[in-house]
Each structure stands twice: as structure tokens, then as C-alpha cells.
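Scroll down for the structure; my scribbles are underneath it.
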Amino acid sequence: RMQAVDGDGVIGQTPTLGPGERFSYTSGAPLSAPSGVMSGTYDLIDDEGDE
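So in the working numbering, spot 46 of the sequence shown is number 46, and the numbers just go up one at a time.
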């Protein structure tokens, strides 16, 4: 089963990163199987609003 999530921010946050900075987070999802895989992508914008 696949479930798509789309929206602004990451776990309710919209971090602003400077050069060389990182952002990490932990997330989870309920599973009906003993194990699974989570993957995804992020669209980033610069200070001028360009992707």
C-alpha cells in the first residue's frame, strides 16, 4: 500500500537553512506489516522564492 503526503513544511515546520546547515527529523507511519520503507523528495526555495 502506498500513501502520498503533500503539503507545506516538514512535520509542521518550515526550516530556514543557511549555507552548510542541516535539518533532520524523525517521522513514522502505522503499518499493517512487520516492516516497510519510507521515501520521498523535497522541493526547496531560495530567499527570492525560486525553486
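C-beta: ideal position from N, C-alpha, C; glycine also.
Going by CA-CA distance only, name the one from the options that's closest to residue i.
{"i": "residue 9", "options": "48, 43, 3 and 34", "result": "43"}
{"i": "residue 5", "options": "38, 33 and 51", "result": "38"}
Counting only the same chain and skipping the five closest in sequence on each side, list residues whose C-beta sits under 7 Å from that of residue i.
{"i": "residue 17", "result": "23"}
{"i": "residue 49", "result": "none"}
Please report the Cβ distance between residue i and residue j, rounded to the nearest whole angstrom; I am assuming they are in contact, meaning their Cβ atoms lie under 8 Å.
{"i": "residue 11", "j": "residue 27", "result": "6 Å"}
Quick check: is the beta carbon of residue i nearer than 8 Å to any beta carbon in chain C?
{"i": "residue 39", "result": "Absent here is chain C; the protein component of the structure consists of one chain."}
Residues in its own chain within less than 8 Å of residue i by CB, not counting five upstream and five downstream?
{"i": "residue 45", "result": "51"}
{"i": "residue 29", "result": "3, 36 and 38"}
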